[in-house]
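Protein chains in written order, with this note's numbering: chain A, 414 to 753; chain B, 9 to 142. Cβ atoms here follow ideal geometry from the backbone N, Cα and C, with glycine treated the same way. Down below is the structure, laid out as structure tokens.
Right under this line is the structure:
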């Protein structure tokens, strides 16, 4: 497992963005399903053109946490604050650092202007999986995910310090060439059991057109202990969303984007229901949104539009039968709804 | 002494013209030839449309829309502590003019924000705006 992670998870930007920078994006995303706290950490690189048409990588660090309410920050750095190690396993953005280890990841967060600091160590508890070249509008995205890790460490945010000890976590690494605001949307989610000894983990992704009326691809990934137990794709998966969460976003980041979004962006579904069946295996997962944060960025397709990612935390229940083994657990979910 | 709001706005639109020229042109088209008079904590200045945007000190002789607000309210809006509608409803911002001109001023504000969030220099100006808060 360790060798698989080290072999597959490395920074692509020095090769792919150097060869053809236009539209290139890459980010490492971590979600901690902490006891009472949801935490999202994101290191991202986005190719952006300046007024002279010169394309450069804009590094950003995003940290948001839910402890009663979502709060956090998106910090954009100058390109000179970016460094990628020669072995492509170490990404530094200002005082922030993400290192791919043989069996996990080490993350250091240093955003002193936002009073956000932390050090976390993620140990992989499941085999990673790579999905390549999925269409997004006129572009493509590839992603590697680790459905379950264990998080240790601490984070200071919102004036409070949080400790993590054997908390369950999720990681994905995404890279590709596409434009924010192109004709696509997505719903992605990680579901992990509340009881850390429960061996089941689930990941869901559905990509659609911008209007979210036409499904382009979808899959449910179910891991048992550290191995993939079942992967349901395409027509084997049915996802239904019900209602709209009757509360506004806890926060909008970067904050000035609220001026552009209020009254413009749909909220998150109140409930997501996913069913999947294949070759005798079946799974049913239900996610109930409790609250969400909005992360917004300018559309790269239209100068008068924004792309919005709603990060929703909530409760989840999953049940089914896979390889003849029944399971039924309650847990937590973090779902992301992208509106182009 | 804190930099005047009019000076910050003048520098801001100059950056937009150089950094995001397409977005700047959209803003120019949205504002048209209208003049917006702004009063921030008693500092009065005008944003004038036309082929290029111009910020001039003092009251405008003829303004399509007149906005009165405070530096604190502008920061509350930019920090997402309040929404634009809430700022108006609570009296922290007043906007006067014909419905058509107020609508145009609003659409121009959105075009300005769309342009500003596409630049890398505006956060520095925001820090200077923040430095002048009471």
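Span of the beta strand (DSSP E), counted from its first residue to its last, around residue i
i	result
residue 407 of chain A	This structure leaves residue 407 of chain A out entirely; chain A is present only between 414 and 753.
residue 58 of chain B	Where residue 58 of chain B is concerned, there is no enclosing beta strand (DSSP E), given that its DSSP letter is neither H nor E.
residue 746 of chain A	738 to 752
residue 701 of chain A	694 to 711
residue 621 of chain A	613 to 621
residue 71 of chain B	Careful: residue 71 of chain B lies outside any beta strand (DSSP E) and carries neither H nor E.
residue 437 of chain A	437 to 446
residue 48 of chain B	43 to 48
residue 599 of chain A	598 to 606
residue 683 of chain A	682 to 691
residue 722 of chain A	719 to 735
The ligand FAD heavy atom lying under 7 Å from the CB of residue i
i	result
residue 651 of chain A	No copy of the ligand FAD occurs in the structure displayed, which carries no ligand at all.
Chain-ordered chain B contacts of residue i [CB-CB under 7 Å]
i	result
residue 671 of chain A	88, 91
residue 668 of chain A	86, 87, 88
Proximity below 8 Å, CB of residue i to CB of residue j
i	j	result
residue 74 of chain B	residue 97 of chain B	no
residue 556 of chain A	residue 596 of chain A	no
residue 719 of chain A	residue 729 of chain A	no
residue 571 of chain A	residue 480 of chain A	yes
residue 725 of chain A	residue 750 of chain A	yes
residue 706 of chain A	residue 663 of chain A	yes
residue 641 of chain A	residue 563 of chain A	no
residue 495 of chain A	residue 424 of chain A	no
residue 13 of chain B	residue 51 of chain B	yes
residue 80 of chain B	residue 141 of chain B	yes
residue 454 of chain A	residue 468 of chain A	no
residue 53 of chain B	residue 40 of chain B	no
residue 490 of chain A	residue 472 of chain A	yes
residue 103 of chain B	residue 113 of chain B	yes
residue 91 of chain B	residue 675 of chain A	yes
residue 438 of chain A	residue 588 of chain A	yes
residue 634 of chain A	residue 560 of chain A	yes
residue 47 of chain B	residue 76 of chain B	yes
residue 644 of chain A	residue 746 of chain A	no
residue 631 of chain A	residue 615 of chain A	no
residue 426 of chain A	residue 497 of chain A	yes
residue 723 of chain A	residue 681 of chain A	yes
residue 533 of chain A	residue 441 of chain A	no
residue 618 of chain A	residue 601 of chain A	yes
residue 43 of chain B	residue 56 of chain B	yes
residue 460 of chain A	residue 436 of chain A	yes
residue 727 of chain A	residue 701 of chain A	yes
residue 609 of chain A	residue 565 of chain A	no
residue 139 of chain B	residue 32 of chain B	no
residue 447 of chain A	residue 577 of chain A	yes
residue 16 of chain B	residue 136 of chain B	yes
residue 650 of chain A	residue 687 of chain A	yes
Residue span of the alpha helix (DSSP H) that contains residue i, given as start and end
i	result
residue 80 of chain B	79 to 86
residue 31 of chain B	29 to 39
residue 674 of chain A	671 to 674
Listed by chain order, chain A residues near residue i by CB distance under 7 Å
i	result
residue 31 of chain B	716
residue 45 of chain B	Simply none; closest approach about 20 Å.
Cross-chain neighbours of residue i in chain B, by beta carbon under 8 Å
i	result
residue 711 of chain A	122, 125, 126
residue 675 of chain A	91, 92, 93
residue 665 of chain A	88
Neighbour list for residue i in chain A, Cβ cutoff strictly below 8 Å
i	result
residue 51 of chain B	Here the premise fails: no neighbours, minimum Cβ distance about 21 Å.
Proximal residues of chain A, C-beta to C-beta of residue i below 9 Å
i	result
residue 118 of chain B	672, 673, 717
residue 34 of chain B	716, 717
Any residues in the segment 120 to 131 of chain B with a beta carbon nearer than 9 Å to a beta carbon of chain A? Which ones, in chain order? Result list: 121, 122, 123, 124, 125, 126, 127, 128, 130, 131.
When Cβ atoms are compared, which residues of the segment 714 to 738 of chain A fall closer than 7 Å to chain B? Within the segment 714 to 738 of chain A, the residues whose Cβ lies closer than 7 Å to some Cβ of chain B are 716, 717, listed in chain order.
Tell me the start and end of each unbroken beta strand (DSSP E) in the segment 463 to 520 of chain A that is at least 3 residues and wholly inside, in chain order. 468 to 479, 483 to 489, 495 to 497, 503 to 506, 509 to 514, all fully within the segment 463 to 520 of chain A.
Short of 8 Å Cβ to Cβ, which residues in the segment 11 to 24 of chain B face chain A? The segment 11 to 24 of chain B vs chain A, Cβ under 8 Å: nothing.
Extract the residue ranges of the beta strand (DSSP E) inside the segment 524 to 580 of chain A, only unbroken runs of 3 or more that lie entirely within it. For the segment 524 to 580 of chain A, whole beta strand (DSSP E) runs of length 3 or above, ordered along the chain, are 529 to 537, 542 to 549, 552 to 570.
Fully enclosed by the segment 623 to 669 of chain A, which alpha helix (DSSP H) runs are 4 residues long or longer? Entirely contained in the segment 623 to 669 of chain A, not one alpha helix (DSSP H) run reaches 4 residues.
Which residues, taken in chain order from the segment 576 to 605 of chain A, show a beta carbon closer than 9 Å to some beta carbon of chain B? Listed by position along the chain: nothing, the set is empty.
Going along the chain, which residues of the segment 518 to 532 of chain A sit with their C-beta nearer than 9 Å to a C-beta in chain B? Correct list: empty, as no residue qualifies.
In chain order, each alpha helix (DSSP H) run of at least 4 residues that lies wholly inside the segment 91 to 140 of chain B: For the segment 91 to 140 of chain B, whole alpha helix (DSSP H) runs of length 4 or above, ordered along the chain, are 92 to 97, 107 to 124, 130 to 139.
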